[in-house]
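This report concerns only the one structure given below.
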Amino acid sequence: MTALEARGVTVALGGVEVLHDIDLALAAGRWTSIVGPNGAGKSTLLRVLAGLHPGRAGSRGEVRLGGAPLAALPGRERARRLSWLGQGGAGDAGADDLRVHDIAMLGRLPHQRWLAAPSAADHAAVERALRETQAWDWRDRPLGELSGGERQRVLLARALAVEAEVVLMDEPLANLDPPHQADWMRSARALADRGRTVISVLHELSVALAADALVVMARGRVVHHGGCDDPVTHAALESVFDQRVAVHRVAGQWIALPR
Amino acid sequence: MSDPRRRVRVVGGAVLLLSCALLLVGLGIGSTGFASVFALRDDPVALQIVWDIRLPRTLGAWLAGALLGLSGAVAQGLFRNPLADPYLLGSASGALLGVAFALLLFGQAAAGASPAAQWALRLGLTGAAFVGAVVAVLLTLALARGVQQTLRLLLAGVIVGVVLGALKDLVTIQSADILVALTGFMLGNTGLVGWSACAAMAGCAVLCLVAGRLLAPVLDGLALGEATAASLGLPLGAMRAALVAVLALATGAAVAQTGLIAFVGLAAPHLVRSVVKTTHAGLIVLSSAMGGLLLMAADLLARWLIAPQELPVGVLTALLGGGYLLWLMRRGALRGAAR
């Protein structure tokens, strides 16, 4: 079953086309990674899929969520069903004064009635998300006191707290140390096992290969979309990186090493 | 969980308590001192001094400060910029230009000073100041092409402030009456604040507090970045417009009654943040109370320092606030402002 689908998506930024006529159907309940060289259009595609790309001149196409046009959904419903984690989202000094718990609770905003106090379900979801990213212990600390990796885990918890059916994450591993990268991988896998659709843009190819499916992009196009175990996918990956990487099987998992 | 929330209440309570104490002190400052307060019961002149002059101006200083503190908190969240402030954004100058226009058009008509005319004048001035503040904010935003670059936003605010200030001068020299009426405004003056001005400010303050509280979650979302806020399903465009309206109404209401008072809007949110970390809902309420306390204290100081003469409170806040801004910059507390 298809969770999220792009049909004929073309995006122009400042008069330059950065995505060319993309057709992509992402399977429900699976973890899909989007990879490709810098400037391939991965982040732009993720924004379009999240319904966050403003329709500008020269942009066309349609995104469908569960078969219905995403643009026709009310904002709050879209926000409940699609959760989005951007890259480097908390560079602002303004966020430094917000406490970790308040930030995670923002993820519940689409579920709350205006001005209503958070419900027991909201508190439970926030606690689950903060425990999942091991940020629960700092829940009363302001974001400004945390390190880059710790901040990233709080922002991840914010995205998880939405408990949406589709979770889109743009470079979620930024600033994370290896143990917490492994934790993130387990979280992504667990989400997919629970029937959620996970879509992540990743630069760490070995982490990306732990997903179910890989979308390989180059120069604004989807070059290949296939299973992570498929040798054709590995060949496509090696090809977009000019054969500068090679995919190997090590200790039961696929890893990409520089050649 | 409950601990940070309690801290917000404790800080808010402390600021309000201090404000009440200063209000009592304010009743006793003037050429007749506390003698008037003690003679309230049997001396109608003393009653008039305390009830019609000292109380409204002390309360008025608090209300104007609260409005400025609120607009500072909203501006800093909305523009995601720790230096945003009604004065630096040029909105205060726009509000003053609105006041000058209103005086030019209706000033003579209201000079009759019947109570009804007084009220109409207050409302008219507040409305004109609001319109001027909105125009100034929009001009600043257009000139800065967005809010991302602090330096550009500040430069645009300064330019808009200077140009609108010059326009105001042009309007002012049309008539000597307006010149006289506006001189007090330009220095920032609480001496002319009566009950009608207090009522106008209180009404606007309640309106702005309610609206600010309703819109506060947007500011929290925006702190995580534009796209994250949009991903939360918030109607950003409409809410931003509403926040600009709140900012302009708060600035306009304060400027229309007391003139240009610099830095209270900048300092109040910074002071609040240095004692308690909270969401924008808490920040807006606490910054209002803190702004009120600051301006009331400055007003008392301005009345007392060279008594029986008094300083225009705007001069005092400019000196104190300028020093505070310098100190903030040296401390590096304006992280991210230099980008």
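Protein chains in written order, with numbering that gives the first Met the number 0: chain Y, 0 to 258; chain S, 0 to 338.
Using N, Cα and C, we set each Cβ at its ideal position, and we do this for glycine too.
Since we're looking at a predicted model, the values are computed, not measured.
In whole angstroms, give me the CA-to-CA distance for residue i and residue j.
i	j	result
K41 of chain Y	L137 of chain S	35 Å
A67 of chain Y	V214 of chain Y	22 Å
E177 of chain Y	G147 of chain Y	Inspection of the sequence shows that residue 177 of chain Y is occupied by Pro rather than by Glu. Approximately 14 Å between the Cα atoms of the pair.
A78 of chain Y	G29 of chain S	58 Å
L104 of chain S	A116 of chain S	14 Å
V244 of chain Y	H224 of chain Y	18 Å
R4 of chain S	V10 of chain S	10 Å
P171 of chain Y	L3 of chain Y	20 Å
G251 of chain S	A222 of chain S	26 Å
G335 of chain S	K276 of chain S	The pLDDT assigned to G335 of chain S is 46, lower than 50, so where the model puts this residue is not dependable; a value taken from the coordinates is nonetheless given after this. Distance between the alpha carbons of G335 of chain S and K276 of chain S: 18 Å.
E164 of chain Y	G236 of chain S	26 Å
G291 of chain S	C207 of chain S	14 Å
V239 of chain Y	G85 of chain Y	24 Å
V24 of chain S	V263 of chain S	21 Å
A74 of chain S	D84 of chain S	6 Å
Q180 of chain Y	L154 of chain Y	14 Å
L54 of chain S	L26 of chain S	6 Å
I52 of chain S	L51 of chain Y	55 Å
V179 of chain S	G321 of chain S	27 Å
L140 of chain S	L318 of chain S	27 Å
I48 of chain S	C19 of chain S	19 Å
L248 of chain S	L214 of chain S	15 Å
A143 of chain S	V159 of chain S	10 Å
T31 of chain Y	A187 of chain Y	10 Å
M289 of chain S	L64 of chain Y	47 Å
R338 of chain S	W118 of chain S	Model confidence at R338 of chain S stands at a pLDDT of 34, short of 50, so the residue's coordinates are unreliable and nothing is read from them.
L15 of chain S	I33 of chain Y	54 Å
L142 of chain Y	R152 of chain Y	11 Å
R157 of chain Y	A134 of chain Y	11 Å
K167 of chain S	V98 of chain S	9 Å
L97 of chain Y	E162 of chain Y	21 Å
V10 of chain Y	P36 of chain Y	18 Å
I198 of chain Y	R151 of chain S	37 Å
Which residues of chain A have a Cβ atom closer than 7 Å to the Cβ of residue i, listed in chain order?
i	result
A78 of chain Y	Of the chains in the structure shown, none is chain A; the protein chains are Y and S.
Closer than 7 Å by beta-carbon distance: list the chain S residues that pair up with residue i, in chain order.
i	result
A94 of chain Y	A222 and L223
A49 of chain Y	S230
G13 of chain Y	Result: empty, since nearest Cβ-Cβ is about 14 Å, beyond 7 Å.
D182 of chain Y	In chain order: nothing, as chain S lies at least about 22 Å away.
Which chain Y residues sit within Cβ distance under 7 Å of residue i?
i	result
V272 of chain S	Note on residue identity: the sequence assigns Arg, not Val, to residue 272 of chain S. Per Cβ cutoff of 7 Å: D96.
T57 of chain S	Chain Y residues near T57 of chain S: none, gap ~31 Å exceeds 7 Å.
P114 of chain S	Ordered by position in chain Y, no residue passes the 7 Å Cβ test against P114 of chain S, which lies about 38 Å from the chain.
P3 of chain S	R98 and D139
Where do the ends of the beta strand (DSSP E) carrying residue i lie?
i	result
I283 of chain S	From DSSP, I283 of chain S is part of no beta strand (DSSP E) but of the alpha helix (DSSP H) over H279 to W303.
S238 of chain Y	No beta strand (DSSP E) contains S238 of chain Y, which is instead part of the alpha helix (DSSP H) from P230 to V239.
T189 of chain S	Neither: T189 of chain S is in no beta strand (DSSP E) and is coded neither H nor E.
A119 of chain S	From DSSP, A119 of chain S is part of no beta strand (DSSP E) but of the alpha helix (DSSP H) over P114 to A143.
S32 of chain Y	W30 to V34
A38 of chain S	Per DSSP, A38 of chain S belongs to no beta strand (DSSP E) and is neither H nor E.
R248 of chain Y	V244 to V249
Check for me: the alpha helix (DSSP H) holding residue i runs from which residue to which?
i	result
R55 of chain Y	Segment: none, R55 of chain Y is in no alpha helix (DSSP H) and carries neither H nor E.
W339 of chain S	In the structure displayed, chain S extends from 0 to 338; residue 339 of chain S sits before or after that span and is not available.
S42 of chain Y	K41 to L48
L23 of chain Y	Run containing L23 of chain Y: none in the alpha helix (DSSP H); it sits in the beta strand (DSSP E), V15 to A26.
A252 of chain Y	The identity of residue 252 of chain Y in the sequence shown is Gln, whereas the question assumes Ala. No alpha helix (DSSP H) holds Q252 of chain Y; the beta strand (DSSP E) holding it covers Q252 to P257.
T316 of chain S	V312 to R330
S82 of chain Y	Here S82 of chain Y belongs to no alpha helix (DSSP H); instead the beta strand (DSSP E) covers L81 to L84.
L69 of chain S	L54 to L77
A5 of chain Y	A5 of chain Y -> not in any alpha helix (DSSP H); beta strand (DSSP E) instead, spanning T1 to L12.
Could you name the residues of chain S that residue i contacts, counting a contact when the two beta carbons are closer than 8 Å?
i	result
W83 of chain Y	A226, T227 and S230
L108 of chain Y	P216, G220, L231, G232 and L233
G74 of chain Y	G232, L233 and P234
Who are the neighbours of residue i on chain Y, taking C-beta pairs under 9 Å?
i	result
L213 of chain S	W113 and L114
D84 of chain S	Within 9 Å Cβ-Cβ: nothing; D84 of chain S doesn't reach chain Y, min ~14 Å.
Given the structure, does residue i come close to the ligand GTP, in the sense that its CB is under 6 Å from one of the ligand's heavy atoms?
i	result
A229 of chain S	With respect to small molecules bound, the structure shown includes none, and the ligand GTP cannot be examined in it.
(message) Quick check for students: name the residue ranges of the beta strand (DSSP E) that lie wholly in the segment 98-162 of chain Y, counting only runs of 3 or more.
(response) Here no run is fully enclosed.
(request) Please go through the segment 170-225 of chain Y and give each complete beta strand (DSSP E) segment of 3 or more residues, from N-terminal end onward. (result) As for any beta strand (DSSP E) of minimum length 3 sitting wholly inside the segment 170-225 of chain Y, the runs are 196-200 and 212-217, ordered along the chain.
(request) Return the residues of the segment 246-258 of chain S that lie within a Cβ-Cβ distance of less than 7 Å from chain Y, sorted by chain order. (result) The residues in question: there are none.
(message) If the cut-off is 7 Å on Cβ atoms, which residues from the segment 259-290 of chain S count as contacting chain Y, listed in chain order?
(response) R272, K276 and T278: these are the residues of the segment 259-290 of chain S whose beta carbon lies less than 7 Å from some beta carbon of chain Y, given in chain order.
(message) Along the segment 136-153 of chain Y, where does the CB come closer than 7 Å to a CB of chain S? Name the residues.
(response) Here the close residues are D139 and P141.
(message) Please give the ranges of any alpha helix (DSSP H) in the segment 201-268 of chain S, keeping only runs that are unbroken, at least 4 residues long and fully inside the region.
(response) Every alpha helix (DSSP H) of 4 residues or more that sits fully in the segment 201-268 of chain S is shown, in chain order, as 225-230 and 235-257.
(request) Anything in the segment 36-47 of chain Y with a Cβ closer than 8 Å to a Cβ of chain S? List those residues in chain order, please. (result) Answer set for the segment 36-47 of chain Y: R46.
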